[in-house]
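Visitor: Pasting in a structure now, in structure tokens, and then I'll have a few things to ask.
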Ligand code: SF4
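Residue numbers (this note's numbering): 303 to 647.
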């Protein structure tokens with residue numbers, strides 16, 4: 303049957319009701335739900351405490367649309383990039399990033415991206431579709447397994463910074479996080495999850511209203527509208543004024559510090575005027591600025607700024623009481639670094 307329903311699209315309640323409608327016990331739904339999420343079963347056949355007859359019935363009605371790690375590349379620095387094949391043969395990428403103390407999974411939320419940041423390799427792929435909650439969840443499970451296998455420890459953190467704009471796939475991203483943090487799923491703390499957005503004001507406000515517990519990061523890259531629109535054209539639709547207003551709302555509601563992701567490019571945003579605008583933009587709430595080393599995707603206009611320019615950012619931000627970190631790029635040799643995910647493997 304070509305169009306069997308993905309069983310993980312069902313809530314626990316729906317699964318329980320399904321079994322009742324089949325003349326079975328609702329409890330059977332709990333058992334199957336546990337296999338599907340907590341035990342990450344890839345087939346009905348492997349559900350050993352379910353009778354053969356029930357497994358066959360499930361097989362006849364549903365499919366389990368697991369992802370498959372199609373290709374895995376390991377960097378000399380321990381970073382692992384996965385090309386992940388989805389049930390419809392589309393491919394996304396996810397990355398394991400190890401440091402001394404933690405292992406972070408960088409996961410994708412869309413196939414391609416709805417936005418068009420000019421410095422980003424993913425933007426060159428057009429958006430094909432949103433990922434389902436289970437496809438996001440499976441990326442995390444796959445990286446957790448790799449972390450245990452290659453780094454002898456479980457996954458500790460998750461960032462939504464892979465392919466796609468997570469807030470353009472809001473419902474599925476939130477459902478995935480619900481399962482990742484649920485005791486019926488992976489039981490991870492929401493404090494270890496960061497959703498990174500290019501800044502969709504309406505959705506930031508919605509998240510604030512829904513009292514979410516994970517962290518928010520904003521890929522800002524410039525606090526001057528003309529500059530930001532030139533590198534992130536959707537800024538003309540969602541200008542900085544609206545973004546700032548949404549972030550003020552977020553902070554008022556959550557009291558959570560905001561992280562800004564920021565790359566400094568030569569000749570684009572490396573002047574004192576750019577630094578001053580950033581300070582002015584983020585001073586309203588406790589903020590942290592991550593200055594990210596850039597990985598050129600070609601020899602075009604986007605090149606890493608000089609150390610002097612970076613130091614100017616660091617000194618000015620610190621003088622104004624804004625926490626600043628410099629994030630060296632990881633996995634460059636396998637094109638796994640930020641903005642480099644483009645299904646090249
Ligand atoms: S930087 Fe992020 S939001 Fe922008 S195009 Fe790339 S994947 Fe999309």
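C-beta atoms are modelled at their ideal positions from N, C-alpha and C, and glycine is treated no differently.
For residue 364, list the residues DSSP reports as bridge partners.
Guide: When beta bridges are read from the DSSP output, residue 364 appears opposite 307.
Visitor: Run through DSSP, which three-state label would residue 340 get?
Guide: coil
Visitor: Enumerate, from N- to C-terminal direction, the unbroken alpha helix (DSSP H) stretches of 4 or more residues contained entirely within the stretch 424-453.
Guide: 435-453
Visitor: Between which two residues does the beta strand (DSSP E) containing residue 373 stretch?
Guide: 370-376
Visitor: Find the nearest neighbour of residue 516 within the set 524, 506, 354, 586, judged by alpha-carbon distance.
Guide: For residue 516, the closest alpha carbon among the candidates 524, 506, 354, 586 is that of 506.
Visitor: When the distance is taken between beta carbons, is residue 330 closer than 9 Å to residue 366?
Guide: no
Visitor: So the candidates are 536, 495, 476; which of them puts its Cα closest to the Cα of residue 512?
Guide: Considering only alpha carbons, the answer is 476.
Visitor: Cβ of residue 395 versus every heavy atom of ligand 1: is any distance shorter than 8 Å?
Guide: no
Visitor: DSSP beta-bridge partners for residue 400?
Guide: 405
Visitor: I'd like to know whether the C-beta atoms of residue 417 and residue 408 end up nearer to each other than 9 Å.
Guide: no
Visitor: Within a Cβ cutoff of 8 Å, which residues of the same chain sit near residue 589, ignoring the five residues on either side of it in sequence?
Guide: 559, 560, 561, 562, 624, 625
Visitor: Residue 379: beta carbon under 8 Å from a heavy atom of ligand 3?
Guide: As for ligand 3, it is missing from this structure, which binds only ligand 1.
Visitor: Roughly how many angstroms lie between the CA atoms of residue 413 and residue 318, to the nearest whole one?
Guide: When rounded, the distance between both Cα atoms is 32 Å.
Visitor: Locate the beta strand (DSSP E) running through residue 563, then write down its first and last residues.
Guide: It spans 560-564 - the beta strand (DSSP E) in which residue 563 sits, taken as one unbroken run.
Visitor: Answer yes or no: the CB of residue 419 versus the heavy atoms of ligand 1, is any distance below 8 Å?
Guide: yes
Visitor: What span of residues does the alpha helix (DSSP H) with residue 530 cover, start to end?
Guide: 527-533 is the span of the alpha helix (DSSP H), which, as asked, contains residue 530.
Visitor: Let's see if you can read the secondary structure: which residues bound the beta strand (DSSP E) around residue 506?
Guide: Here residue 506 belongs to no beta strand (DSSP E); instead the alpha helix (DSSP H) covers 503-511.
Visitor: Indicate, with yes or no, if ligand 1 has a heavy atom lying under 8 Å from the CB of residue 672.
Guide: As displayed, the chain neither begins before 303 nor continues past 647, which places residue 672 out of reach and without an answer.
Visitor: Does the stretch 376-383 come within contact of the stretch 420-431, defined as at least 3 CB pairs closer than 8 Å?
Guide: no
Visitor: Per the contact definition of three or more C-beta pairs closer than 8 Å, is the stretch 486-497 in contact with the stretch 534-550?
Guide: no
Visitor: Within its chain, find whatever has a CB closer than 6 Å to the CB of residue 394; leave out the 5 residues flanking it on each side and keep chain order.
Guide: 386, 410, 413, 465
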